[in-house]
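Enquirer: Just so we're aligned, residue 1313 is where the sequence shown starts under the working numbering, counting upward by one.
Just so it is clear, CB atoms sit at the ideal spot from N, CA and C, and this is done for glycine as well.
First the structure, then my questions, so here it is.
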Amino acid sequence: MVFTNCTCSSEDPDGILSHLKCGLSKSVKRPSFNIELKFQKPVAKFFVNMRIVLPRRLGEDFTLFNLTGIDGCSLLSNKNQIAFIQLGRKHMDRFSNVPKRCPWPKDVNYYVRGFRSDMSAMPAFNFESGMNLWFEFVVNQQKLIRGFIQGRVQRRRNSKGIAAGE
1313 MVFTNCTCSS
1323 EDPDGILSHL
1333 KCGLSKSVKR
1343 PSFNIELKFQ
1353 KPVAKFFVNM
1363 RIVLPRRLGE
1373 DFTLFNLTGI
1383 DGCSLLSNKN
1393 QIAFIQLGRK
1403 HMDRFSNVPK
1413 RCPWPKDVNY
1423 YVRGFRSDMS
1433 AMPAFNFESG
1443 MNLWFEFVVN
1453 QQKLIRGFIQ
1463 GRVQRRRNSK
1473 GIAAGE
């Protein structure tokens, strides 16, 4: 998995968020993505919307999953999750300090830094594709954070010329 874009924005009329920053590392060989945020007020309850789409050259894009109104506190604690989300959360823990339960205290710098996907932890597959991920962090019925991560799954050739998943 190679990341090619990472952006985010905030709509915060209630002044909950004090810091938000998203982007890619400067590594040309294998960019990773980074997200940092800090709250001015504790966040006791939130919801997550997340959609992953694999774009196709011909025909309609393939929606890998589309999750709307997911209870963020349950998502953090790894309760009642689909296997794909559990794999993602487990892998993300190596790169972040995102808490595993609510509430999120104020004035703590939360981050995902240098995130690189570990495709060996994923079920076996053999394809190359683009990937677009949209996410929203919803607090008090307001889409506090909107983000977009773009990447591509590509096969990597090892030194013997044999294709290997990356």
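Give me the Cα-Cα distance between residue 1358 and residue 1426, rounded to the nearest whole angstrom.
Expert: 25 angstroms
Enquirer: Per the DSSP calculation, residue 1463 is bridged to which residue(s)?
Expert: 1315 and 1443
Enquirer: For a quick check, are the C-beta atoms of residue 1333 and residue 1323 less than 7 angstroms apart?
Expert: Not a contact, by the Cβ cut-off of 7 angstroms.
Enquirer: Determine the extent of the beta strand (DSSP E) in which residue 1258 is found, giving its start and end residues.
Expert: Absent from the structure is residue 1258, since the part of the chain shown begins at 1313 and ends at 1478.
Enquirer: Who does residue 1454 pair with in a DSSP beta bridge?
Expert: 1451
Enquirer: Taking only runs of the beta strand (DSSP E) that begin and end inside the stretch 1360-1387, which ones reach a length of at least 3 residues, in chain order?
Expert: 1374-1383
Enquirer: Tell me the rounded alpha-carbon separation between residue 1376 and residue 1370.
Expert: 17 angstroms
Enquirer: Can you tell me whether DSSP reads residue 1358 as helix, strand or coil?
Expert: coil
Enquirer: How would you call residue 1316, buried or exposed, if buried means at least 16 neighbouring beta carbons within 10 angstroms?
Expert: exposed
Enquirer: Taking residue 1452 as the reference, give the member of 1329, 1313, 1320 and 1321 with the closest Cα.
Expert: 1329
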